[in-house]
Each structure stands twice: as structure tokens, then as C-alpha cells.
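**Student:** Below is the structure I would like to discuss, written out as C-alpha cells.
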């Protein structure tokens with residue numbers, strides 16, 4: 362032992378040991394720095410690519426919404442739609458339409474209408490157009506507009522056959538729809554990620570230096586766990602970014618947020634609260650005991666009512682942590698718009714500080730995800746009633762029916778028709794009829810769950826898709842809708858009216874095995890309700906696969 366100690370104390374052994382340790386530290390330091398740079402660049406490129414994709418998707422949604430207005434030659438509505446996009450607190454900075462000569466035909470900024478943009482001279486166009494014969498490299502790219510970097514998407518409006526009523530068939534294109542979307546939220550997220558990566562990498566370097574200079578003595582397992590924890594954090598952060606960037610439907614977004622927070626914090630209870638137009642607020646609750654996502658309680662029974670009301674009033678601007686560190690309230694907002702409130706609760710232990718840092722870094726991205734979902738919802742909702750459109754009905758029925766075919770998840774639909782609605786239009790005029798449609802839509806929305814889907818099917822007819830609901834439960838919901846509408850006093854042309862509805866109910870697998878059978882069964886049940894006196898709910902009696910009533914019912 363004495364000889365070993367003396368050897369250790371000798372100068373040359375110390376210098377040799379120091380060179381080895383310094384060399385190992387240098388190699389590891391370079392490796393970590395290169396890894397940090399690689400991770401940072403990968404995340405940066407992925408986030409920019411995802412932001413580009415989201416911008417392109419938003420452009421497609423807006424173009425789809427404007428196409429109908431163009432075909433019906435509704436210039437005022439086109440201009441109003443673009444102005445609404447700019448005025449809404451979204452990430453879209455500007456939207457405008459150029460005609461085929463480069464002249465601004467419509468713009469969210471009225472002052473720009475009529476301006477001529479030279480694609481070969483305008484600084485914001487040179488990213489794509491570098492010469493008279495140059496072909497644009499990409500439809501979405503980062504450009505500089507008025508000294509500010511934005512994501513610009515250019516969507517060509519081709520001169521299709523339906524457009525030939527106004528445009529010459531010899532023209533290949535009619536113009537271009539251009540969307541400028543702020544890239545600052547993405548850059549902000551990238552900066553936050555880079556700070557986390559830098560902090561994690563620096564911490565790893567410190568741990569390694571201490572570890573090696575102490576010759577891998579005490580605490581080796583602690584340091585290794587620390588490195589693994591930091592690596593896990595980066596992986597979790599990347600996973601969160603990827604999940605949120607691929608989600609655009611609000612219901613799917615809510616589930617993704619709850620699942621992600623559950624994984625980060627190992628929480629016992631998660632509350633997701635959303636403001637609503639037809640009620641004070643709505644949302645969902647996840648509880649670890651039953652591992653189910655459920656609808657929120659009515660406001661008067663909600664134990665978190667005071668916190669939620671404080672948030673709705675704007676008195677909860679930032680994250681709030683309870684004194685025992687077991688409960689966190691995280692508001693999600695964009696400017697002055699309150700988008701959501703997330704409440705995280707742990708029964709045992711305390712809220713992890715690292716998890717809090719991660720969720721804080723993701724707050725802006727969650728807000729952007731809610732914004733994107735809100736814009737998508739605008740594109741798939743009926744302008745008058747605020748319910749989903751008939752086109753979206755067909756998309757959702759296919760999606761929910763697929764769950765029935767794969768997992769046997771029950772599915773019910775309601776077909777609803779306002780009784781004697783034509784008399785309202787004939788007697789009081791169409792504005793009065795429109796008001797009745799709005800009020801009936803509100804009654805339907807108040808009578809269904811957040812996970813249900815309400816549609817304006819056409820005219821005065823509505824439909825509701827009830828996931829995970831059998832025929833008996835479907836009849837119960839239908840009766841609740843009928844009862845609320847029957848008790849409501851409607852105003853039409855200054856006159857108070859009482860309205861009623863007839864409702865047909867059909868379910869899988871009780872009444873149908875295909876989408877067509879399901880819709881037809883509900884339609885026939887609605888017809889029976891109208892034929893037998895109106896103001897009633899009639900469940901379908903169809904036999905799956907035949908479209909005929911059951912023998913015992915004939």
C-alpha cells in the first residue's frame with residue numbers, strides 16, 4: 362500500500378494521469394458538443410419543416426374555404442374572410458390574392474388592394490423567382506417581409522373548368538393565394554430547446570469532469586442516472602414537439618396534451634379546461650385510478666371552479682404552484698386570448714421541477730397547436746350556426762365507423778328536423794328563420810357532450826354523431842335535445858315562438874353494419890317521427906344488412 366501511495370504522489374505519474382484524464386475529457390467534451398449541435402440542428406430542421414407543413418395545411422384549408430366564394434362570385438365575402446383572418450389572434454400575419462398579372466385583387470390589408478407586385482424585383486419574391494425563366498423551388502419557404510422573417514406559402518389558383526364562366530379557357534392560372542405566417546413562435550421554441558440542450562450538455566460535462574477527476578469514485582451511479590435523465594428529457598421534448606406538430610383536430614389535440622403531461626409528471630389527475638361560447642367552460646378530466654378521460658363536471662359542482670373563474674377573468678396570467686408542490690395550474694394563452702387551462706395534481710410526491718421546465722418550454726407550441734386547431738375548426742363549421750358542416754359529417758362518420766369495425770366500439774347517430782320551419786320563413790322572413798336555426802343549434806350543443814359531434818346537415822335538418830353510444834343512450838340524448846328545444850322560447854321577428862323537433866335514432870350494430878345503412882336507418886326513423894305526428898323521438902327498427910324493420914315490428 363505504501364508503495365502505491367508513493368507512486369501516486371510522484372510527479373511524473375501525476376502528470377501522466379492528468380494527461381490521460383484531460384485527453385479523455387477533451388474527447389468526451391468534443392463528442393458531447395458535436396452531439397448537442399447535431400441534436401439542435403435536427404430539432405431545428407424538424408421544427409422548421411413541421412412549421413412549413415402546418416403553414417401549407419392552413420393555406421389548403423383557407424383556399425378550400427375561399428374556392429366556394431370564388432365560384433359563386435362573392436367578392437365581398439372573399440375580402441371579409443381575408444380581413445377576419447388578419448384580425449383574429451392567429452399566427453397568420455397577412456393573406457392576399459394576386460390576379461394573373463401580379464395585381465393584388467384581395468388582401469387582409471385593404472390598403473394593398475390594387476398594388477402591382479413584380480415577382481422578379483420585389484424583395485419578398487426573390488427567394489423563389491431568381492430570373493424570367495426560373496421555376497420556384499418550393500411553395501412554402503422563409504422570406505423577409507418588411508424586415509421581418511415569415512413563412513410564406515404560395516398556392517396557385519388554376520383555371521379549372523368551373524372557373525371558365527368568368528375566365529378565358531386559354532389561361533392556365535387565375536392567380537395566386539399568398540399566406541404570410543409568423544415564424545417567431547417556432548424560432549422561440551427553437552431557442553428554448555437550444556437553451557435546454559446547452560444546459561443539459563453543460564451539466565453533463567461538469568458531471569463527467571467531476572467523475573473523472575475523482576477517478577470514478579463515489580457517486581458514479583448518481584452521475585450516470587443524471588446523464589440518462591437529461592437524455593430522457595431531450596427525447597421527451599422531441600416527442601412532445603412531434604406529437605403536437607402532427608395534430609390539427611381539437612379533440613385529438615386535447616387527448617395528445619393529456620397523454621403527454623401524464624407521461625412527463627406521472628400525475629394522478631389532469632384537468633384540461635377550455636372556454637366555450639355556449640357555456641362558461643368545458644373540457645376533460647383524466648384520473649389515474651380508472652385511467653379514463655371524462656367530461657368535466659357542471660360548473661356549479663366543479664371543485665376547481667374558483668381557480669377556473671380566476672383564469673377566465675384574466676387573474677391567472679402565469680403558472681401557479683400550490684404550497685405543497687402537488688398541484689400546478691398552467692394557463693395557455695396567445696396575446697389576450699385565453700386558449701386553455703391545464704391543472705396537474707399529484708396525490709403522492711411533488712411536481713417534478715424538470716417536468717415543469719419542459720412544459721414551460723412547450724407552452725408557446727401548445728398555444729400554436731390550439732390556434733391551428735381553431736383555424737381548422739373555422740374551415741369545417743357552418744358560418745350561421747357554428748356547428749360542423751355536412752362535408753365534415755361525412756369525414757367524421759367514416760372515422761368513427763372505422764373504430765366500430767376495428768374495435769367494436771358502438772356508434773349512434775341522430776337525424777333532427779325542425780317541425781314546421783317553412784312557416785317561420787314564410788310568416789316572419791328568412792332573418793327570423795336564421796335566428797331560429799342559431800337558437801336550435803345552441804340547444805343541440807348544450808345537450809351533447811364535448812366528445813360528441815354536432816352538424817348542420819342541410820337547411821333546417823341537423824345531425825349528431827355519438828361515439829361509444831348504444832341505441833338506448835342515443836334515445837336518451839335525443840329526448841334531452843327535444844325536451845330542451847320544447848322548453849325554449851324562440852324569438853322570430855319580434856314574436857315569441859315555441860318550436861319542436863322530430864328526431865330519428867340509429868345505432869351500430871343494432872340497426873346497421875355499413876355507413877350507408879346507418880344513415881338510411883336514421884333518416885327513415887326521422888321520417889316515421891314526422892309522419893306519426895312530429896315532436897317525438899323514434900328509434901330505428903331496421904335489421905342490419907337488410908334495411909327492413911324487424912319481423913316482430915312489421
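In our numbering, the protein residues as written are 362 to 915. Glycine included, each C-beta is placed from N, C-alpha and C at the ideal position.
So for residue 524, helix, strand or coil by DSSP?
**Tutor:** In this structure, residue 524 counts as helix in the three-state DSSP scheme.
**Student:** Counting beta carbon pairs with one atom in the stretch 819-833 and one in the stretch 753-767, are three or more of them shorter than 8 Å?
**Tutor:** Yes, the stretch 753-767 touches the stretch 819-833.
**Student:** Please list the terminal residues of the continuous beta strand (DSSP E) segment that includes residue 702.
**Tutor:** Segment 698-706, the beta strand (DSSP E) holding residue 702.
**Student:** Given residue 605, which residues of its chain have a CB within under 7 Å of its CB, disregarding the five upstream and five downstream residues?
**Tutor:** Closer than 7 Å at the Cβ level, and outside the excluded window around residue 605, lie 617, 726, 727, 730.
**Student:** My output table needs one value for residue 732: the three-state DSSP class, helix, strand or coil.
**Tutor:** Residue 732 falls in the helix class under three-state DSSP.
**Student:** Helix, strand or coil: how does DSSP classify residue 749 here?
**Tutor:** Strand.
**Student:** So residue 419 and residue 736 are in contact, right, with Cβ under 8 Å, and what is the actual spacing, rounded?
**Tutor:** Going by Cβ atoms, the distance from residue 419 to residue 736 rounds to 6 Å, so yes, they are a contact pair.
**Student:** Based on the DSSP output, what are the partners of residue 510 in its beta bridges?
**Tutor:** BP columns for residue 510 point to 505.
**Student:** Quick test of the definition: if touching needs 3 or more C-beta pairs under 8 Å, does the stretch 539-548 touch the stretch 448-468?
**Tutor:** Cβ pair count under 8 Å is three or more, so yes.
**Student:** How would you write the range of the beta strand (DSSP E) that residue 694 sits in, first residue to last?
**Tutor:** Per DSSP, residue 694 belongs to the beta strand (DSSP E) from 688-695.
**Student:** The beta strand (DSSP E) with residue 642 in it runs from where to where?
**Tutor:** Where residue 642 is concerned, the enclosing beta strand (DSSP E) stretches over 642-648.
**Student:** Counting only runs that start and end within the stretch 407-482, where is the beta strand (DSSP E) found for 3 or more residues in a row?
**Tutor:** If we require 3 residues or more, the beta strand (DSSP E) runs fully inside the stretch 407-482 come out as 453-460, 465-468.
**Student:** Express the C-alpha separation of residue 904 and residue 896 in angstroms, rounding to a whole number.
**Tutor:** Their backbone Cα atoms lie some 25 Å apart in a straight line.
**Student:** Within the stretch 529-567, note down every full beta strand (DSSP E) run reaching 3 residues or more, in order along the chain.
**Tutor:** As far as the stretch 529-567 is concerned, its whole beta strand (DSSP E) runs of at least 3 residues are 534-543.
**Student:** Compare the Cα-Cα distances from residue 650 to each of 708, 795, 663, 670 and report the closest residue.
**Tutor:** Selected option, being the one with the closest Cα: 708.
**Student:** Give the range of the beta strand (DSSP E) segment to which residue 633 is assigned.
**Tutor:** Looking at the DSSP string, the run of the beta strand (DSSP E) that includes residue 633 is 630-636.
**Student:** Using a Cβ-Cβ cutoff of less than 7 Å, which residues in the same chain neighbour residue 900 once the five nearest sequence positions on both sides are dropped?
**Tutor:** The answer, listed in chain order, is 832, 836, 866, 886.
**Student:** Per DSSP, residue 817 forms a beta bridge with which residues?
**Tutor:** Note: residue 817 sits in a beta bridge opposite 823.
**Student:** Can you tell me which of 674, 689, 675 puts its alpha carbon nearest to the alpha carbon of residue 681?
**Tutor:** For the residues 674, 689, 675, the minimum Cα distance to residue 681 belongs to 689.
**Student:** Contact defined as beta carbons within less than 8 Å: I believe residue 722 pairs with residue 553. What is the distance between those atoms, to the nearest angstrom?
**Tutor:** Sure, about 4 Å apart at Cβ, within 8 Å.
**Student:** Run through DSSP, which three-state label would residue 900 get?
**Tutor:** It is a strand residue.
**Student:** Could you give the C-beta distance for residue 432 and residue 523, rounded to a whole number, given that I count them as a contact under 8 Å?
**Tutor:** Contact holds; Cβ gap of about 6 Å.
**Student:** Let me confirm a value: residue 511 is counted as buried when at least 16 other C-beta atoms fall within 10 Å, else exposed. Which label applies?
**Tutor:** When all chains shown are included, residue 511 counts as buried.
**Student:** Quick check: the stretch 789-802 against the stretch 846-865, are at least 3 beta-carbon pairs closer than 8 Å?
**Tutor:** Yes, they touch.
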